[in-house]
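Worksheet: the structure to be examined is printed underneath.
There are 2 protein chains.
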Amino acid sequence: MSAAAPACSPILGVLGGMGPLATADFMRKLVQSTPATKDQDHMPVFVHSVPQIPDRSESFLAGSDAPWPFLLSGLRVLETAGVGAIAIPCNTAHLWHARLAAATDLEVLHIGSAASEAVASHPAGLTRVGLMATSATIEGRIYHEALRAAGIDVIVPSARDQSEHVMAGIAAVKAGGLDTATSLLQSAATRLIDDGAQGLILGCTELPLVLGGASPDECNESRAVPFFDTTQLLVKACLAWWSRSKAAQPRSESFSQ
Amino acid sequence: MSAAAPACSPILGVLGGMGPLATADFMRKLVQSTPATKDQDHMPVFVHSVPQIPDRSESFLAGSDAPWPFLLSGLRVLETAGVGAIAIPCNTAHLWHARLAAATDLEVLHIGSAASEAVASHPAGLTRVGLMATSATIEGRIYHEALRAAGIDVIVPSARDQSEHVMAGIAAVKAGGLDTATSLLQSAATRLIDDGAQGLILGCTELPLVLGGASPDECNESRAVPFFDTTQLLVKACLAWWSRSKAAQPRSESFSQ
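Those sequence lines, one after another, are chains A and B. Taken in order, the first sequence gives residues 56 to 312; the numbers are from my numbering. Taken in order, the second sequence gives residues 56 to 312; the numbers are from my numbering.
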């Protein structure tokens with residue numbers, strides 16, 4: 056028997072572990088967002104969750120490429136396992152997205168594109184949104200260009216809020232301190248709204264764990280302004296990929312049970 | 056570069072997707088149960104979540120071996136990905152545990168052994184526990200022998216409760232109907248307690264999703280009787296494996312960052 060899994064539909068590859076709780080959150084949201092009446096209706100997924108990869112934000116800001124061999128290795132493991140596309144539930148890792156996409160024939164979905172589209176098409180016609188993300192995601196302008204092209208200004212926390220609230224809050228999630236994280240992150244969110252943000256992008260997959268809604272929701276409208284859950288928006292892009300891929304799959308490739 | 060992941064610790068292989076929400080629950084509990092102050096402290100995991108595998112309970116009860124090639128294929132994918140042990144967050148799939156263990160050199164952790172040990176060592180000295188599980192797990196006596204050897208009687212729901220409440224409740228979880236599932240399963244649990252169960256084994260990984268506590272807890276003592284969460288008890292066994300494996304790992308195999 057070959058190492059490839061018998062599966063009757065294309066398999067999603069998840070390059071995860073960045074951080075591991077965000078990957079588990081992505082998995083839950085993927086399952087809960089899939090129309091299904093039984094196990095077999097759900098998307099087959101292989102998840103490479105290896106959190107030993109060096110911190111993406113610290114590395115990028117220090118001009119270090121240390122995460123790259125880990126990302127490439129994870130990509131190769133997923134390719135070998137037979138996946139049909141790659142999703143990366145970590146915004147900061149998308150600073151290496153173009154290189155990953157160039158290193159494989161597989162489609163590598165882009166969390167920032169998925170989220171930017173949702174922001175640009177929000178029915179309220181947003182013109183100014185706040186970006187909560189790692190310092191590297193901000194510095195690397197993962198969201199800025201796409202949103203400015205759509206006529207949307209991006210505002211970010213003050214340097215002090217970014218360091219003492221956003222980055223400290225993200226670190227608290229990674230350390231399991233969800234209550235500490237909630238209070239740190241909520242205050243940074245409030246100040247962005249006070250500064251005129253008409254919506255907030257939760258542009259780090261740790262953030263929806265404390266600022267997102269309880270149930271999967273691309274855009275939590277119960278807040279003072281809409282909060283865009285980038286984990287959930289990546290899930291939406293994965294479901295769209297799965298739907299396209301199943302439709303394009305030759306009948307002869309399907310696995311007979 | 057080889058397909059093996061660069062990791063500084065042994066990788067856990069998860070043979071999952073049975074069902075997919077239970078696998079996501081296992082991942083969350085694994086992360087939240089790991090002592091960690093940063094991403095890199097967490098266990099590396101490779102998850103094979105392919106829910107297209109035929110239903111384990113239906114197959115076993117019909118005398119069909121249909122799940123076997125899917126289980127074996129999943130095992131091979133995990134072996135190829137370089138994992139050091141296998142965990143299966145599905146009680147019913149353990150009807151094939153002995154064959155899986157015989158088919159690989161890897162350690163295949165056993166959810167039933169982990170849970171039976173916890174029940175047998177509970178400080179209350181339980182002598183009679185209720186088993187909530189799929190009909191195949193009951194029929195296949197995954198829990199009966201180990202618990203009887205420990206002097207503990209196992210009681211199960213009436214045939215009608217098993218069909219109309221337990222199996223219907225498990226199916227409701229798999230279809231995303233958590234509220235329906237809660238009411239079906241709670242009533243079956245209550246009747247087992249009325250019948251003298253001094254503790255309840257949530258012997259199907261769908262059950263802790265509706266009957267377990269909100270936070271990871273091997274044994275929820277806030278109920279009328281302790282509820283044993285087999286997902287969480289498998290997590291505990293995985294953490295023990297990881298600890299043993301890291302201690303046994305030759306220094307030369309560690310990955311230098």
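Idealized CB from N, CA, C, for every residue including glycine.
Best match in the options for proximity to residue i [C-alpha to C-alpha]
{"i": "C293/B", "options": "A140/B, A179/B, A303/B, V211/B", "result": "A140/B"}
{"i": "I207/A", "options": "V221/A, V174/A, F282/A, G224/A", "result": "V174/A"}
{"i": "L133/B", "options": "A121/B, R154/B, T159/B", "result": "T159/B"}
{"i": "R151/A", "options": "G68/A, P122/A, D272/A", "result": "Per the sequence shown, residue 151/A should be read as Trp rather than Arg. Residue P122/A is the option with its Cα nearest to W151/A."}
{"i": "S128/B", "options": "G71/B, G232/B, T237/B, L181/B", "result": "G71/B"}
{"i": "R299/B", "options": "T237/B, G232/B, M98/B, V211/B", "result": "M98/B"}
{"i": "M73/A", "options": "D94/A, V138/A, A230/A", "result": "A230/A"}
{"i": "P315/A", "options": "T237/A, F125/A, D250/A", "result": "Past the edges of chain A, shown from 56 to 312, lies residue 315/A, and the structure says nothing about it."}
{"i": "A169/B", "options": "A179/B, I108/B, A142/B", "result": "A142/B"}
{"i": "A179/A", "options": "V290/A, E276/A, D96/A", "result": "E276/A"}
{"i": "I108/B", "options": "S176/A, R131/A, L288/A, V100/A", "result": "V100/A"}
{"i": "S171/A", "options": "S104/A, Q95/A, K291/A", "result": "K291/A"}
{"i": "H103/B", "options": "G195/B, R196/B, R131/B", "result": "R131/B"}
{"i": "V105/B", "options": "R154/B, P75/B, G268/B", "result": "P75/B"}
{"i": "V209/B", "options": "S218/B, Q241/B, I248/B, R215/B", "result": "I248/B"}
{"i": "A153/A", "options": "I197/A, A214/A, D96/A", "result": "I197/A"}
{"i": "T135/A", "options": "G68/A, W296/A, A156/A", "result": "G68/A"}
As assigned by DSSP and simplified to three states, the class of residue i
{"i": "R196/A", "result": "coil"}
{"i": "C145/A", "result": "coil"}
{"i": "I66/B", "result": "coil"}
{"i": "D284/A", "result": "strand"}
{"i": "I166/A", "result": "helix"}
{"i": "A140/A", "result": "strand"}
{"i": "V174/A", "result": "helix"}
{"i": "I207/A", "result": "coil"}
{"i": "I225/B", "result": "helix"}
{"i": "C274/B", "result": "strand"}
{"i": "G71/B", "result": "strand"}
{"i": "V100/B", "result": "strand"}
{"i": "I248/A", "result": "helix"}
{"i": "L186/B", "result": "strand"}
{"i": "L264/B", "result": "helix"}
{"i": "L155/A", "result": "helix"}
{"i": "L257/B", "result": "strand"}
{"i": "P305/A", "result": "coil"}
{"i": "S88/A", "result": "coil"}
{"i": "L217/A", "result": "As written in the sequence, residue 217/A is Gln, which differs from the Leu given in the question. Helix at Q217/A."}
{"i": "S298/A", "result": "helix"}
{"i": "D80/B", "result": "helix"}
{"i": "A243/A", "result": "helix"}
{"i": "G232/A", "result": "coil"}
Per-residue contacts from residue i into chain A (C-beta, under 7 Å)
{"i": "A79/B", "result": "A79, M82, R83, V86"}
{"i": "T92/B", "result": "A230"}
{"i": "P75/B", "result": "V86, D94, H97"}
Contacting residues, own chain, Cβ-Cβ under 7 Å from residue i (five flanking each side not counted)
{"i": "T286/A", "result": "A77, D80, F81, K84, P144, T260, P263"}
{"i": "T245/A", "result": "none"}
{"i": "L181/A", "result": "V174, I207, Q253, G254"}
Own chain residues within Cβ distance below 6 Å of residue i, not counting five before or after
{"i": "C274/B", "result": "P281, F283"}
{"i": "L239/B", "result": "H220, A223, G224"}
{"i": "L233/B", "result": "V265"}
{"i": "R111/B", "result": "P122, T147, A148"}
{"i": "A236/B", "result": "G224, A227, V228, V265"}
{"i": "P65/A", "result": "G139, S300"}
{"i": "L288/A", "result": "A169, A170, A173, E273"}
{"i": "S57/A", "result": "With a pLDDT of 39 at S57/A, under the threshold of 50, the predicted position of this residue should be treated as unreliable, though the coordinate-derived value follows. The answer is none, since no qualifying residue turns up."}
Chain-ordered chain A contacts of residue i [CB-CB under 8 Å]
{"i": "G72/B", "result": "D94, H97, P99, V100"}
{"i": "S64/B", "result": "Q107"}
9 Å Cβ cut-off: residues of chain A touching residue i
{"i": "H103/B", "result": "A60, P99, V100, F101, V102, A136"}
Within chain B, partners of residue i - CB distance below 9 Å
{"i": "D110/A", "result": "K93, D94, Q95"}
Interface flag, residue i vs chain D, CB-CB below 8 Å
{"i": "Q304/B", "result": "Here chain D cannot be found, since the structure's protein chains are A and B."}
Neighbourhood of residue i by C-beta, 8 Å cutoff - its chain only, sequence neighbours within 5 removed
{"i": "S270/A", "result": "Q87"}
{"i": "F125/B", "result": "V105, Q107, I108, P109"}
At least 3 beta-carbon pairs within less than 8 Å: the stretch 183–199 of chain B vs the stretch 250–269 of chain B: Verdict: yes, contact present.
Given 8 Å, three or more beta-carbon pairs between the stretch 112–119 of chain B and the stretch 189–204 of chain B: Three or more Cβ pairs closer than 8 Å define a contact, and the stretch 112–119 of chain B meets that threshold against the stretch 189–204 of chain B.
At least three beta-carbon pairs within less than 8 Å, the stretch 87–103 of chain B to the stretch 154–169 of chain B: The answer is no - the stretch 154–169 of chain B does not touch the stretch 87–103 of chain B, with fewer than three Cβ pairs under 8 Å.
Three or more C-beta pairs below 8 Å linking the stretch 290–305 of chain B and the stretch 199–213 of chain B: No, the stretch 290–305 of chain B is not in contact with the stretch 199–213 of chain B.
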